[in-house]
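Student: Next up is a structure, given as structure tokens.
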Amino acid sequence: MTTQQKKSSTRHGFKTGESIVYPAHGVGQIVAIEEQVVAGMSLELFVIDFEKDKMRLKVPVAKAVSIGMRKLSETDFVERALKVVQGRARVKRTMWSRRAQEYDAKINSGDLISIAEVVRDLYRAENQPEQSYSERQLYEAALDRMAREIAAVNKMSETEAVRLVEANLNKGPKRGKAVEEDDAQEEAA
91 MTTQQKKSST
101 RHGFKTGESI
111 VYPAHGVGQI
121 VAIEEQVVAG
131 MSLELFVIDF
141 EKDKMRLKVP
151 VAKAVSIGMR
161 KLSETDFVER
171 ALKVVQGRAR
181 VKRTMWSRRA
191 QEYDAKINSG
201 DLISIAEVVR
211 DLYRAENQPE
221 QSYSERQLYE
231 AALDRMAREI
241 AAVNKMSETE
251 AVRLVEANLN
261 KGPKRGKAVE
271 EDDAQEEAA
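If you read the sequence shown in the working numbering, its first letter stands for residue 91, the second for the next number, and so on.
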């Protein structure tokens, strides 16, 4: 297995130094395009670094688009995702294991709007009942994925991006016990 750096830095619209979104891992940066001989075949590979996860991934150039690798979202698309988190949570009444699989699939889809839906649906305000461990894990994974892309698009820190998402979550409709108490007070009045 031999490795050789390529001179040209652009393939399939992706170029070296560019930040991209890889569905299963989130935001990464293309650090090189190299040629590698594997099992007698020469393959061109994107070398992608995921700084936060301390991970390096090599993706065949020919399969990059088919596996869902994409450029960062545009700012207007980020705004749409932030509007999604302001919406009313849509929690299906199916078994948790089935919902957890659906949420996991949305998180790993790489689609910012789908990830925003998971963040919105699993968000719990201070006055709401505790989340289960698995709910909290999925929520944090979705929030992290969303914040990393927003941070990369808006050129801000991940902490600022998390604050931005949480601020938008708090702009949404009231959730949980507080809503029931407010509704009861309105009916009494």
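All residues carry an ideal CB built from backbone N, CA and C; glycine is no exception.
Values in this document were obtained by computation on a predicted structure and should not be read as measured data.
Starting from residue 297, trace the alpha helix (DSSP H) in both directions and tell me its first and last residue.
Tutor: Past the edges of the chain, shown from 91 to 279, lies residue 297, and the structure says nothing about it.
Student: Helix or strand or just coil, what does DSSP make of residue 209?
Tutor: Sequence index remark: in the sequence shown, residue 209 carries index 119 (1-based). Helix, per DSSP.
Student: Among all the DSSP beta bridges, which residues are the ones paired with residue 263?
Tutor: Taking the sequence shown and counting its residues from 1, the one referred to as residue 263 is at position 173. Answer is none; residue 263 lacks a bridge partner.
Student: Taking Cβ positions, are residue 150 and residue 162 nearer each other than 7 Å?
Tutor: The count along the sequence shown starts at 1 and reaches residue 150 at position 60. The count along the sequence shown starts at 1 and reaches residue 162 at position 72. Contact flag unset, no.
Student: Any contact between the region 227 to 234 and the region 188 to 196? By contact I mean 3 or more CB pairs, one from each, below 8 Å.
Tutor: The region 227 to 234 is in contact with the region 188 to 196.
Student: Beta-carbon within less than 6 Å of residue 148's beta-carbon, same chain only, minus the 5 sequence neighbours each way: which residues are those?
Tutor: The residue labelled residue 148 in the question sits at position 58 within the sequence shown. Result list for residue 148: 135 and 137, in chain order.
Student: For the region 175 to 188 against the region 197 to 204, do three or more pairs of beta-carbon atoms, one drawn from each stretch, fall closer than 8 Å, so that the two count as touching?
Tutor: With a cut-off of 8 Å, the region 197 to 204 and the region 175 to 188 do not count as touching, because too few Cβ pairs lie within range.
Student: Starting from residue 233, trace the alpha helix (DSSP H) both ways and give me its first and last residue.
Tutor: Locating residue 233 in the sequence shown gives position 143, counting from the first residue. Per DSSP, residue 233 belongs to the alpha helix (DSSP H) from 223 to 244.
Student: Hey, would you say residue 171 sits closer than 7 Å to residue 206, going by beta carbons?
Tutor: Start at 1 with the first residue of the sequence shown, and residue 171 comes out as number 81. Start at 1 with the first residue of the sequence shown, and residue 206 comes out as number 116. Closer than 7 Å, so yes.
Student: My output table needs one value for residue 277: the three-state DSSP class, helix, strand or coil.
Tutor: If you number the sequence shown from 1, residue 277 lands on position 187. Confidence in residue 277 is poor, its pLDDT being 43 and thus under 50, which makes the residue's placement too unreliable to answer from.
Student: Taking the beta carbon of residue 166 as the centre, do at least 16 other beta carbons fall within 10 Å, making it buried, or is it exposed?
Tutor: By 1-based counting over the sequence shown, the position of residue 166 is 76. With fewer than 16 other Cβ atoms within 10 Å, it is exposed.
Student: Could you spell out the range, first to last residue, of the alpha helix (DSSP H) harbouring residue 122?
Tutor: As a working note, residue 122 is residue 32 in the sequence shown. It is not in any alpha helix (DSSP H) - residue 122 instead sits in the beta strand (DSSP E) that spans 116 to 128.
Student: Is it the case that the Cβ atoms of residue 213 and residue 259 are separated by a distance below 7 Å?
Tutor: What you label residue 213 is simply residue 123 of the sequence shown in a count that begins at 1. What you label residue 259 is simply residue 169 of the sequence shown in a count that begins at 1. Yes. Within cutoff.
Student: Using three-state DSSP, classify residue 161 as helix, strand or coil.
Tutor: Locating residue 161 in the sequence shown gives position 71, where the first residue counts as 1. It is a strand residue.
Student: Give a yes or no on whether the C-beta atoms belonging to residue 248 and residue 242 are separated by under 7 Å.
Tutor: Locating residue 248 in the sequence shown gives position 158, counting from the first residue. Locating residue 242 in the sequence shown gives position 152, counting from the first residue. Contact flag unset, no.
Student: Using a Cβ-Cβ cut-off of 6 Å (strictly less than) and excluding sequence neighbours within five positions of residue 261, which residues of its own chain qualify?
Tutor: As a working note, residue 261 is residue 171 in the sequence shown. Cβ neighbours of residue 261 beyond the five flanking positions: 176.
Student: I'd like to know whether the C-beta atoms of residue 237 and residue 251 end up nearer to each other than 7 Å.
Tutor: Indexing the sequence shown from 1 puts residue 237 at position 147. Indexing the sequence shown from 1 puts residue 251 at position 161. Their beta carbons are under 7 Å apart, which means residue 237 touches residue 251 by this criterion.
Student: Do you know offhand how far residue 275's Cα is from residue 225's?
Tutor: As a working note, residue 275 is residue 185 in the sequence shown. As a working note, residue 225 is residue 135 in the sequence shown. Confidence at residue 275 is low in this model, with a pLDDT of 43, below 50, so its placement is unreliable and the value that follows should be read with caution. Cα to Cα, residue 275 sits roughly 31 Å from residue 225.
Student: Residue 139 and residue 121 look like a contact to me (Cβ under 8 Å); what is the Cβ gap, rounded to whole Å?
Tutor: One-based indexing of the sequence shown puts residue 139 at position 49. One-based indexing of the sequence shown puts residue 121 at position 31. About 5 Å; that satisfies the 8 Å criterion.
Student: Measure from the alpha carbon of residue 154 to the alpha carbon of each residue in 105, 222 and 129, then state which is nearest.
Tutor: Working through the sequence shown from its first residue, we reach residue 154 at position 64. Taking only the C-alpha atoms, the option nearest residue 154 is 105.
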